[in-house]
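J.: Under our numbering, the first residue of the sequence shown carries the number 419, and numbering increases by one thereafter.
Don't be surprised by glycine CBs; every beta carbon is placed ideally from N, CA and C.
Note that the structure is a prediction, hence the values are computed from the model and not measured.
Handing you a structure now.
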Amino acid sequence: MKMSKGRIGRRLLGLAVAGVALAASGTAFAELGQPSPWEYRLQPSASPVMDNITSFHNALLIIITVITLFVLGLLITVMVKFNAKANPVPSRTTHNTLVEVAWTLIPVLILVGISVKSFQLLFLELDIPKADVTIKATGNQWNWTYTYPDDKIEYTSIMLTEEDRAKLSSPPPRLLGVDHAIVVPVNKVVRVETTGADVIHSFTVPAFGIKIDAIPGRLNETWFTATKTGIYYGQCSELCGRDHAFMPIVVKVVNDQDYDDWKKCVQSGKDDCIDVPQGNKAKQSS
Ligand SMILES: [Cu+2]
Numbered sequence: 419m420k421m422s423k424g425r426i427g428r429r430l431l432g433l434a435v436a437g438v439a440l441a442a443s444g445t446a447f448a449e450l451g452q453p454s455p456w457e458y459r460l461q462p463s464a465s466p467v468m469d470n471i472t473s474f475h476n477a478l479l480i481i482i483t484v485i486t487l488f489v490l491g492l493l494i495t496v497m498v499k500f501n502a503k504a505n506p507v508p509s510r511t512t513h514n515t516l517v518e519v520a521w522t523l524i525p526v527l528i529l530v531g532i533s534v535k536s537f538q539l540l541f542l543e544l545d546i547p548k549a550d551v552t553i554k555a556t557g558n559q560w561n562w563t564y565t566y567p568d569d570k571i572e573y574t575s576i577m578l579t580e581e582d583r584a585k586l587s588s589p590p591p592r593l594l595g596v597d598h599a600i601v602v603p604v605n606k607v608v609r610v611e612t613t614g615a616d617v618i619h620s621f622t623v624p625a626f627g628i629k630i631d632a633i634p635g636r637l638n639e640t641w642f643t644a645t646k647t648g649i650y651y652g653q654c655s656e657l658c659g660r661d662h663a664f665m666p667i668v669v670k671v672v673n674d675q676d677y678d679d680w681k682k683c684v685q686s687g688k689d690d691c692i693d694v695p696q697g698n699k700a701k702q703s704s
């Protein structure tokens with residue numbers, strides 16, 4: 419079957435339009451703080467670190483696309499222009515100083531540019547600003563224990579069963595809901611300390627751009643500032659055993675007033691604090 423040039427062009431154009439439509443729908447489905455069907459991008463950002471990760475990722479995507487297309491173009495040019503049929507008498511050129519300097523220097527400059535941005539991002543992630551709230555997350559097989567050392571609050575967060583989930587008026591996504599979320603105030607620096615009680619787990623919340631191992635006998639730390647109120651879902655991201663897939667992380671970001679109310683509520687041992695859909699296990703630790 420032979421296709422005319424015009425037909426091939428129209429098909430390619432059709433494919434390009436479909437691709438753009440798919441890319442656009444990817445953003446249309448994206449919901450803050452949780453994964454969405456057919457998502458292939460990063461989750462929408464809700465912290466300054468994630469803003470930086472997202473723009474770095476997008477910039478790298480442009481750079482590698484341009485480089486790949488450039489190399490592809492060179493390959494096609496060589497194949498078309500310099501094959502034995504089109505170019506029976508090859509040139510005997512072996513050196514070209516300008517070209518050699520250029521193809522050494524330009525990639526080095528590109529890599530240096532990328533590394534500078536990359537180090538800036540690493541420092542942003544690792545330089546923990548003065549914290550307003552400190553939370554210690556302890557990974558257990560297979561749930562998380564959260565401690566607010568400054569407020570003497572400690573509770574364990576366990577994934578909701580399908581039955582529990584069905585009872586809720588607005589159920590959380592499947593396998594992501596928990597009985598007790600982490601509650602933090604919006605626009606405040608939250609320092610997260612992680613450790614493991616048994617094996618290595620990993621504390622991850624994509625929308626905040628944090629992923630840090632929770633290792634027995636060690637205290638790791640990271641931080642985030644949630645810039646929008648809402649509910650953010652994450653998961654343990656280190657294969658930690660049988661129920662690794664069933665120890666989600668839920669962070670509820672609320673305003674200062676709600677945060678204070680929640681703290682008081684938990685400290686007074688009440689049953690219906692804002693993060694608790696049923697039963698109360700969040701208690702003041704002794
Ligand atoms: Cu785990």
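By the 10 Å Cβ neighbour count, where 16 or more other Cβ atoms means buried, how is residue 632 classified, buried or exposed?
T.: Burial call: buried.
J.: Between residue 705 and residue 555, how many whole angstroms is the CB-CB distance? I'm expecting something under 8 Å.
T.: Residue 705 lies beyond the residue range present for the chain, which begins at 419 and ends at 704; the question has no answer from this structure.
J.: Mind checking whether the beta-carbon of residue 449 lies closer than 7 Å to any heavy atom of ligand 2?
T.: Because ligand 2 does not appear in the structure shown, any question about it cannot be addressed here, the ligands present being ligand 1.
J.: Would you check whether ligand 1 has a heavy atom nearer than 7 Å to the C-beta of residue 557?
T.: Checking every heavy atom of ligand 1 against the Cβ of residue 557, one is found closer than 7 Å.
J.: Can you tell me whether DSSP reads residue 564 as helix, strand or coil?
T.: In this structure, residue 564 counts as strand in the three-state DSSP scheme.
J.: Helix, strand or coil: which one does DSSP assign to residue 673?
T.: Correct three-state label for residue 673: coil.
J.: Below 8 Å on the Cβ atoms is my guess for residue 622 versus residue 667; work out the distance and round it to an integer in Å.
T.: Yes, they are in contact, since the Cβ atoms of residue 622 and residue 667 sit about 7 Å apart, within 8 Å.
J.: Below 8 Å CB to CB, which residues in the same chain sit around residue 673 once its five sequence neighbours on both sides are set aside?
T.: 603, 604 and 647.
J.: With a threshold of 8 Å on Cβ separation, who are the neighbours of residue 513 within its own chain once the five nearest residues in sequence on each side are excluded?
T.: There are no such residues.
J.: Where does the unbroken beta strand (DSSP E) through residue 595 begin, and where does it stop?
T.: First-last for residue 595: undefined, no H or E at that position.
J.: Taking residue 411 as the reference, give the member of 530, 573 and 491 with the closest Cα.
T.: Because residue 411 is not part of the residues shown, which for the chain are 419 to 704, the question remains open.
J.: Given a cut-off of 8 Å on the beta-carbon distance, is the pair residue 599 and residue 670 in contact?
T.: A contact, by the Cβ cut-off of 8 Å.
J.: By a C-beta neighbour count over all protein chains shown, 10 Å radius and 16 as the cutoff for buried, is residue 497 buried or exposed?
T.: Flag for residue 497 reads exposed.
J.: Enumerate in chain order the residues of its own chain whose CB-to-CB distance from residue 705 is below 8 Å, with the five nearest sequence positions on each side excluded.
T.: Nothing about residue 705 can be read from this structure; the chain reaches only from 419 to 704.
J.: Based on Cα-Cα distance, which residue from 635, 591 and 560 lies nearest to residue 452?
T.: For the residues 635, 591 and 560, the minimum Cα distance to residue 452 belongs to 591.
J.: Can you tell me whether residue 680 is buried or exposed? The criterion is at least 16 other CB atoms within 10 Å of its CB, across all chains shown.
T.: That one is buried.
J.: Measure from the alpha carbon of residue 458 to the alpha carbon of each residue in 465, 466, 464 and 449, then state which is nearest.
T.: Closest option to residue 458, Cα to Cα, is 449.
J.: Determine the DSSP secondary structure at residue 681, reduced to helix, strand or coil.
T.: Looking at residue 681 - three-state DSSP - the assignment turns out to be helix.
J.: Only counting the same chain, and skipping five residues up and downstream in sequence, which positions put a Cβ closer than 6 Å to that of residue 691?
T.: Around residue 691: 680, 683 and 684.
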